[in-house]
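Working notes, beginning with the structure itself.
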Amino acid sequence: MTHDDIAELLTGVLKALDLELDRLEITKAGKRRVVRVTIDGDGPNHAGPDMDQVAQATRAVSKVLDDAGAMGESPYTLEVGTRGVTTPLSRPAHYARRIGRLVRITTTEGVITTGRVSSADETSVTIEVNQLPVVLDFTEIAEAIVQVEMNRHIDDDIEERDE
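Now the structure itself:
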């Protein structure tokens with residue numbers, strides 16, 4: 132099977148679990164191959180997939196790969212995980228799932244702005260910078276990374292989304 136065939140196969144099985152295939156990497160590691168599946172989704176409290184969902188996805192992905200013979204006779208190692216907090220945001224859904232979170236955005240012109248995501252649609256994101264809304268079209272964004280806040284509770288993010 133080709134990379135695209137495997138991605139399509141995994142997209143279907145993950146969709147049934149209310150998850151999305153964010154990235155698929157298949158690399159050689161000696162005589163084995165390593166299949167890295169990165170998943171995304173709303174998860175509990177819109178905070179991304181939790182550990183139970185990752186475990187469920189791992190079982191489902193392993194089964195579908197084996198049942199379809201996707202990897203042929205070659206041995207492989209399967210790694211399933213989430214995007215990780217410092218993975219750059221690259222799609223509108225990534226921003227929508229991070230409402231209330233602090234992000235550092237570098238524009239295509241090299242301007243760096245840090246603010247809290249207040250809304251996102253298919254074409255742009257709005258962040259609050261010094262309590263003022265700043266709208267950035269996705270075509271203007273070179274990189275956006277969620278900032279880790281050690282003193283912010285997840286309940287704060289949930290309350291902001293519910294408002």
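The sequence shown begins at 132 in the numbering used here and counts up one residue at a time.
We put the CB at the ideal spot given by N, CA and C, even for glycine.
Note that this is a predicted model, so its numbers are computed, not measured.
Item: Measuring only the C-alpha atoms, how far is residue 267 from residue 233?; Value: 15 Å
Item: Buried or exposed: which applies to residue 239, given that a residue is buried once 16 or more other Cβ atoms fall within 10 Å of its Cβ?; Value: exposed
Item: Going by Cα to Cα distance, which pick from 188, 164 and 272 is closest to residue 245?; Value: 272
Item: For a minimum of 4 consecutive residues, which ranges assigned as the alpha helix (DSSP H) are wholly contained in the stretch 193 to 266?; Value: 223 to 227
Item: Between the alpha carbons of residue 210 and residue 168, how many angstroms are there, rounded?; Value: 6 Å
Item: Pop quiz: residue 201 and residue 132 are said to be a contact at Cβ under 8 Å. What is the actual Cβ separation, rounded to whole angstroms?; Value: 5 Å
Item: If you run the structure through DSSP and keep just helix, strand and coil, what is residue 139?; Value: helix
Item: Since residue 271 is in the beta strand (DSSP E), which residue starts that stretch and which ends it?; Value: Note, residue 271: premise wrong, no beta strand (DSSP E); not H, not E.
Item: Taking its Cβ as the centre, do 16 or more other Cβ atoms sit within 10 Å of residue 134, making it buried, or is it exposed?; Value: exposed
Item: With 16 other CB atoms within 10 Å as the buried threshold, where does residue 166 fall?; Value: buried
Item: Please classify residue 141 as buried or exposed, where buried requires at least 16 other C-beta atoms within 10 Å of its C-beta.; Value: buried
Item: Alpha carbon to alpha carbon, what distance is there between residue 229 and residue 289?; Value: The predicted position of residue 289 is uncertain, since its pLDDT is 48 and thus under 50; a value taken from the coordinates is nonetheless stated next. Their Cα atoms are separated by approximately 10 Å.
Item: Which residues in the same chain have their Cβ closer than 7 Å to the Cβ of residue 279, if we skip the five residues on either side of it in sequence?; Value: 216
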